[in-house]
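J.: First residue of the sequence shown: 24, per our numbering; consecutive thereafter. If you scroll down you'll find the structure; I have some questions about it.
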Amino acid sequence: MPTPVSSIRNLGPATEAAFAKAGIHSAEEVQALGPDEAYRRLIQSGTPPHFIGYYVLVMGLQGRP
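Spelled out as structure tokens, the structure:
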């Protein structure tokens, strides 16, 4: 069973919904894509770019607050 995106530290329901809109439905997919590609897909799907969103994603994938 896939792990929810919101299980990644710092990522909540809104980010999980944005990833789903981008076609990414699990924490494993986000981890496999890495922060650059995962964030690129968010932007392509209509999420407005913002450095804090990218920063939070990178830190979350590193398990950092």
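C-beta atoms are modelled at their ideal positions from N, C-alpha and C, and glycine is treated no differently. Every value quoted in this text rests on a predicted model; they were computed, and no experiment measured them.
(1) How close, in whole Å, do the beta carbons of Y77 and Y62 come, if the pair is a contact with beta carbons under 8 angstroms?
(2) Measuring only the C-alpha atoms, how far is A43 from N33?
(3) Would you report the Cα separation of M82 and P72, rounded to the nearest angstrom?
(4) Within 10 angstroms of the Cβ of E60, are there 16 or more other Cβ atoms? Answer buried if so, exposed if not.
(5) Going by the beta-carbon positions, is the gap between A50 and T26 smaller than 7 angstroms?
(6) Helix, strand or coil for Q85? Go by DSSP, reduced to three states.
T.: Based on what the coordinates show:
(1) 5 angstroms
(2) 17 angstroms
(3) 17 angstroms
(4) exposed
(5) yes
(6) coil
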